[in-house]
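**Q**
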Amino acid sequence: MRPWQWAQVWMWLAGLGTVESAPILENAKALARGAESPLFLDRPDFFDYPDSDQARLLALAQFIGERPVIFVNSGSDSMLFHHILVGALVVAFIFLLFQFCTHM
């Protein structure tokens, strides 16, 4: 495109209001200085909370329109799963070692 065509496209975008959606330098400097944002979503610690904070979990789930999923400790021992996982990894390693040794 020629430069005058770009200027027409830019003017058309300015008429739509998309040019104003770019961040303004003064706002970027204010946020960089640590100014408190009025929106709690803009806070840097919005997702920085422990899983035990049920109030924030429920508020976040309600905000995004999802049903909250809350995991509870069932009290069962997970050693069975651990043994199954380690056994599968050992079998996979032996199989790969066997494939390597027989095809060399």
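All the letters of the sequence shown, read from the start, carry residue numbers -21 to -1, 1 to 83 under mature numbering (1 follows the signal peptide of the UniProt record, and there is no 0).
C-beta atoms are modelled at their ideal positions from N, C-alpha and C, and glycine is treated no differently.
As the structure is a computational prediction, the values presented were derived from the model and not from experiment.
Smallest Cα separation from V51: which of Q33, L68, V70, I63?
**A** For the residues Q33, L68, V70, I63, the minimum Cα distance to V51 belongs to Q33.
**Q** Under DSSP, the alpha helix (DSSP H) around R35 begins and ends at which residues?
**A** Here the alpha helix (DSSP H) through R35 covers 33 to 43.
**Q** Does DSSP put residue 88 in a helix, a strand or coil?
**A** The question about residue 88 has no answer, for the chain in this structure spans -21 to 83.
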